[in-house]
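To start, the structure under review is shown below, and the notes come after it.
2 protein chains.
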Amino acid sequence: MNPPSRATIGDVARHAGVSKGTVSLAYSGKRPVSEETRRRIFSAAAELEWTASHRARALATSRTGAIGLVIARDPEVLATDAFFSKFLSGCERVLAEHDMGLMLHAVTTAEAEHLVYERLAAGRADGVILLDVEIDDPRFALVRRLGLPAVVLSAHEPTRGETAGLPTVFSDDSPAVTELVTLMAEAGHTRIAHVAGPAHYIHGRIRQEAFRAAVRERGLDDSMVIEGDFTAASGRDATTQLLDLPEPPTAILYANDMMAIAGLSLARSRGVRVPEDLSLSGYDDSELSAHLSPALTTVGTGAVQRGELAVTTLLAALAGEAPGAVLADHTTVLPRGSIAPPPRP
Amino acid sequence: MNPPSRATIGDVARHAGVSKGTVSLAYSGKRPVSEETRRRIFSAAAELEWTASHRARALATSRTGAIGLVIARDPEVLATDAFFSKFLSGCERVLAEHDMGLMLHAVTTAEAEHLVYERLAAGRADGVILLDVEIDDPRFALVRRLGLPAVVLSAHEPTRGETAGLPTVFSDDSPAVTELVTLMAEAGHTRIAHVAGPAHYIHGRIRQEAFRAAVRERGLDDSMVIEGDFTAASGRDATTQLLDLPEPPTAILYANDMMAIAGLSLARSRGVRVPEDLSLSGYDDSELSAHLSPALTTVGTGAVQRGELAVTTLLAALAGEAPGAVLADHTTVLPRGSIAPPPRP
Chain A
-16 MNPPSRATIG DVARHAGVSK GTVSLAYSGK RPVSEETRRR IFSAAAELEW TASHRARALA
44 TSRTGAIGLV IARDPEVLAT DAFFSKFLSG CERVLAEHDM GLMLHAVTTA EAEHLVYERL
104 AAGRADGVIL LDVEIDDPRF ALVRRLGLPA VVLSAHEPTR GETAGLPTVF SDDSPAVTEL
164 VTLMAEAGHT RIAHVAGPAH YIHGRIRQEA FRAAVRERGL DDSMVIEGDF TAASGRDATT
224 QLLDLPEPPT AILYANDMMA IAGLSLARSR GVRVPEDLSL SGYDDSELSA HLSPALTTVG
284 TGAVQRGELA VTTLLAALAG EAPGAVLADH TTVLPRGSIA PPPRP
Chain B
-16 MNPPSRATIG DVARHAGVSK GTVSLAYSGK RPVSEETRRR IFSAAAELEW TASHRARALA
44 TSRTGAIGLV IARDPEVLAT DAFFSKFLSG CERVLAEHDM GLMLHAVTTA EAEHLVYERL
104 AAGRADGVIL LDVEIDDPRF ALVRRLGLPA VVLSAHEPTR GETAGLPTVF SDDSPAVTEL
164 VTLMAEAGHT RIAHVAGPAH YIHGRIRQEA FRAAVRERGL DDSMVIEGDF TAASGRDATT
224 QLLDLPEPPT AILYANDMMA IAGLSLARSR GVRVPEDLSL SGYDDSELSA HLSPALTTVG
284 TGAVQRGELA VTTLLAALAG EAPGAVLADH TTVLPRGSIA PPPRP
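Chains as they are written, first to last, in our numbering: chain A, -16 to 328; chain B, -16 to 328.
Here it is, written out as structure tokens:
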């Protein structure tokens, strides 16, 4: 057997007549390199038997080749979150183009979360995407202290200073919620309820505020709001409470599909027909929502596109740009069979 | 500002009077180091200003501190797979104890998949877990050629040579499927159908074979099998086909919850009551299954425990042990409200 190749990235660069940085770029794809130069570098590498693991090591000296994503949620919720896996596949699509991977950590305590960010900063990731941000999120200060580049995913346009100057990919759920209320109101509903997500999550709070504003604007009662926690169990329980009211709602707008599907099932088990007796809508466009009978009116969140945009924005930040706040404009109401006129009194 | 620290792991080791390996262990936690030794190493590191990124780099020279997981499935399926996220959280639980992360790649083509394994082998992961293995899976030869340690997750005990000598964490879905058929048969059902997963997935095939064997053993018709693809859409369509039969089944055993929930919804929309007219069962114990009305009889797969076991087995393999085939014995039938006696003829 031959001894292992001792060629370095410098040897390859000299042989190809380019800089070491250009050799790196040819392999990483982080910035374009001309086809001619790339070919010259690849043949130099082949001639010198400069192998993949050498290349990888060379790349690793400046960049880890990975971005980090820390999921600080109950794994049980994670398992049913339609948004998460789609977001992940969007991230992956862009990362693959840049020869990068996603370093994923699921944590269940604040201590573990803190430690993971320290580890990521210590050479395991070039940057991170912050999901599920809360008001005054302690991670903003943490990543700044660690010098870890970060992009924030937010459910509304950040006000000045709100995300501590971090680049932010934001969407705005308010127009979709307003549109759902309009669909229900125009079908004739006057008693519309909301099963909300937890208000300490920005997207939970935004949807609830948009709901209240939209029904108030139509002169309707905005008090039928029950706060769930995005789980099916909370959707079922909130629906029970609403249907037990002396004057139950004829339409329910849920803050996600999981709660809506459990609510639909509960209503039917009580002999309440959907949509004849009760109209309802979800949020997230989970795979199941389109294939229920009736199919669930819901909101497509452009989760894949948001993953792509989050990574693109983070890569721009790593390249020294200052992306600021970027609007992810992919939110779409998907009207299906679960909204119909209310029963005649 | 001070110039950056030039201390090496060797300096720290000499200063603390231990080997470089012990310094590594003190930081990685891969094997226990006495509290006294750990303290000595940490103060040496502090004195020499040996910082986190130096430590990370030192660890990275021999180990990447990560294991790889490549998901070669349509992201749409991934988004609704109850097993995946639970499995991930089990992996993460053990990885966190060992100061390790999970390098995750989602790929949608065979070419991309191949490339990702090459990259992982080239310094991005110490080893990989192979999910969704197929018969004669080409990844067995690939990881061997790349010298990439791997653990296979399988839905049955591997026969000699089947997983090419790779350590395997296996479960056996057959007893749970047999138990579900027994529940249905003992409730009085004689026309039992199966909505299967794709037979090219081992777990799809195993469940289907167990179903056919169990109904045949009771002298019942084993021909009512429709192959779905684990998506809600296929569950809905298969259920339509079954209910349109001249003599429809009175019980349907689905190969996963997603197909079962779409089937339940379809049946109800046609006025078929569950469980009065039609009994059904799922597989996976998704969060939604427990909170439908009626709750869905399903199978808990011990996904979290399997994630833990897969990582533990991979770490054992990395440490030079030869784990062989390890049984993950966490599969449990969860009887709920969706199975009842058939309607009287």
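We put the beta carbon where it would ideally sit given N, CA and C, even for glycine.
Are residue i and residue j closer than 8 Å when you measure CB to CB?
i: I209(B); j: Q224(B); result: yes
i: V111(A); j: A133(A); result: yes
i: A49(B); j: G73(B); result: no
i: V126(B); j: T151(B); result: no
i: A311(B); j: G283(B); result: no
i: L263(B); j: R319(B); result: no
i: F153(A); j: A308(A); result: yes
i: G202(A); j: P325(A); result: no
i: G265(A); j: A293(A); result: no
i: T233(A); j: L261(A); result: yes
i: P277(A); j: S252(B); result: yes
i: R188(A); j: A197(A); result: no
i: L114(B); j: L87(A); result: no
So, with DSSP's three-state summary, where would you put residue i?
i: L42(B); result: Confidence at L42(B) is low in this model, with a pLDDT of 44, below 50, so its placement is unreliable and no value can be given for it.
i: H37(A); result: In this prediction, H37(A) scores a pLDDT of 45, lower than 50, which makes its location untrustworthy; no coordinate-derived value is stated.
i: S157(B); result: helix
i: A300(A); result: helix
i: V316(B); result: strand
i: A273(A); result: helix
i: I24(A); result: helix
i: E210(A); result: strand
i: T151(B); result: strand
i: S2(B); result: coil
i: A323(A); result: coil
i: S72(B); result: helix
i: L292(A); result: helix
i: L263(A); result: strand
i: T165(A); result: helix
i: N(-15)(A); result: Residue confidence for N(-15)(A) is low, a pLDDT of 38 falling below 50, so the modelled location carries little weight and cannot support an answer.
i: A182(A); result: coil
i: L401(B); result: Nothing can be reported for residue 401(B): it is not among the residues displayed for chain B, which extend from -16 to 328.
i: G106(B); result: helix
i: E145(B); result: coil
i: A79(B); result: helix
i: E19(B); result: helix
Name the chain B residues that come within less than 9 Å of residue i, Cβ to Cβ?
i: G122(A); result: First, the residue type needs correcting, since residue 122(A) is Arg and not Gly in the sequence shown. Residues of chain B passing the Cβ test: none, with the nearest at roughly 17 Å.
i: G196(A); result: The sequence given here places Ala at residue 196(A); Gly does not occur at that position. Simply none; closest approach about 30 Å.
Could you check where the beta strand (DSSP E) with residue i kicks off and where it finishes?
i: H177(A); result: I175 to A179
i: M86(B); result: G84 to A89
i: G187(A); result: Unbroken run through G187(A) is the alpha helix (DSSP H), I185 to E200; no beta strand (DSSP E).
i: L136(B); result: A133 to S137
i: I112(B); result: G110 to L113
i: V257(A); result: Per DSSP, V257(A) belongs to no beta strand (DSSP E) and is neither H nor E.
i: V116(B); result: Run containing V116(B): none; DSSP gives neither H nor E here.
i: A308(A); result: A308 to L310
i: L31(A); result: No beta strand (DSSP E) holds L31(A); DSSP gives it neither H nor E.
i: L236(B); result: A234 to Y237
Which residue marks the beginning of the alpha helix (DSSP H) containing residue i, and which one marks its end?
i: G246(B); result: D240 to S252
i: A49(B); result: Note, A49(B): premise wrong, no alpha helix (DSSP H); beta strand (DSSP E) at A49 to I54.
i: V99(A); result: A93 to R102
i: S217(A); result: A215 to L226
i: G(-7)(B); result: I(-8) to A(-1)
i: L279(A); result: Premise fails: L279(A) is in no alpha helix (DSSP H) and is neither H nor E.
i: A124(B); result: P121 to L129
In chain A, what lies closer than 9 Å to residue i by C-beta?
i: S276(B); result: R219, A245, S248, L249, A250, R251, S252 and R253
i: G84(B); result: A49, G51, M86, L87, H88, V99, R102, L103, R107 and A108
So with CB distances below 8 Å, who are the chain A contacts of residue i?
i: T214(B); result: E270 and H274
Which residues in chain B sit within 7 Å of residue i, going by Cβ to Cβ distance?
i: A95(A); result: A79
i: M167(A); result: Going along chain B, no residue has its Cβ under 7 Å from M167(A), so there is no contact; the nearest lies around 21 Å.
Taking residue i as the query, report the chain C residues whose CB atoms sit under 8 Å from its CB, ordered along the chain.
i: M207(A); result: This model lacks chain C altogether; the protein chains it does include are A and B.
Name the chain A residues whose beta carbon is nearer than 7 Å to that of residue i?
i: E75(B); result: H88 and A89
i: L71(B); result: A89
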